[in-house]
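Residue numbers (my numbering): 2 to 225.
For reference, the structure is listed below as structure tokens.
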Ligand code: 5GP
């Protein structure tokens, strides 16, 4: 009897403003649908409380990461916040060959490289409902110093220029709805709740508000 061949799974690239709640959206998507799998990246940053090696990331030291770069084991990798992050080729291929839709939770530079290397990849950028909400979420996480929060807001600001390169823009007002929306985009060719044009306007507004926040913080620092 001929062996039944599993259809290769899709590649789903998900990026979003730092602190937007991407992780929650991805967890909702995966718990609602068993046919998604998370691509576990390698990183040189230390684990946050509760993060598990092999589940959230492969936490490796610098030498190991550099060795893997030399061995061409990454589909893409990027360096920022003085740390390195990379997507492992074999890991992604294994999951896709099992028919899983593989979710890459990666930032914009890496996403750009994946979109170039794999034009079939479906790319989604998640935006917050507003800059104030984004700031609230970053500060609320409570795991970062004021300098790290500032660095994240600066990165969010810089990333906003690349948002139009993504195929779909999804607003994360509710993680559940955002997850349903992403599933609908992939499987039922549904449209996003917020039309692309409006989402791009929102992105520009967020960029301008983030600039104001950073400026205000700088002025405060000068006074204190
Ligand atoms: P965090 O340190 O908060 O877990 O992640 C910081 C950023 O790194 C997030 O925007 C996340 O999407 C991105 N990231 C995680 N893994 C990878 C990866 O393998 N490659 C790239 N380019 N970015 C990644």
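Even glycine gets a Cβ: it sits at the ideal position worked out from N, Cα and C.
If you're wondering where the values come from, they're calculated on a predicted model, not measured in any experiment.
When the Cα atoms are used, residue 55 and residue 105 turn out to be separated by approximately 15 Å. Shown here, residue 106 sits in a strand according to DSSP, grouped into three states.
In the displayed model, residue 41 falls within coil according to three-state DSSP, outside both helix and strand. Counting C-beta atoms within 10 angstroms of its own C-beta, residue 20 has 16 or more neighbours from the protein chains shown and is therefore classed as buried. For the alpha helix (DSSP H) assignment, the uninterrupted runs of no fewer than 4 residues enclosed by the segment 9–53 are, from N- to C-terminal side, 23–33. When secondary structure is reduced to three states using DSSP, residue 137 falls in the helix class. Straight-line measurement puts the Cα of residue 211 at about 7 Å from the Cα of residue 154. Per the coordinates, the alpha-carbon of residue 151 lies some 15 Å from the alpha-carbon of residue 207. Residue 85 is bridged by DSSP to 80. If the five residues before and after residue 100 are omitted, its C-beta is found closer than 8 Å to the C-beta atoms of 7, 8, 9, 10, 36, all from its own chain and listed in chain order. Within the model, the alpha-carbon separation for residue 69 versus residue 75 is close to 7 Å.
When DSSP assignments are scanned along the segment 162–214, the uninterrupted stretches of beta strand (DSSP E) that are 3 or more residues long and fall wholly within it turn out to be 169–172. Taking C-beta separations shorter than 8 Å and ignoring five residues to either side along the sequence, the partners of residue 121 in its chain run 11, 12, following chain order.
The continuous alpha helix (DSSP H) containing residue 70 extends over residues 63–71. When C-alpha distances from residue 136 are compared across 149, 125, 118, 126, the shortest belongs to 149. If the five residues before and after residue 18 are omitted, its C-beta is found closer than 7 Å to the C-beta atoms of 128, 129, 135, 157, 160, all from its own chain and listed in chain order.
Taking 7 Å as the cut-off, the C-beta of residue 38 does not count as close to any heavy atom of the ligand 5GP. Pairing residue 126 with residue 16 gives a Cβ-Cβ distance under 8 Å. Judged by the Cβ position, residue 95 fails to qualify as a neighbour of the ligand 5GP at the 7 Å threshold, every heavy atom of the ligand being at least this far. Note: residue 127 is bridge-paired with 17, 171 in the DSSP secondary-structure output. Taking a contact to require three or more Cβ pairs closer than 8 Å, the segment 159–178 and the segment 196–204 qualify as touching.
In this structure, 176 is the residue among 176, 87, 186, 145 with its C-alpha nearest to the C-alpha of residue 29.
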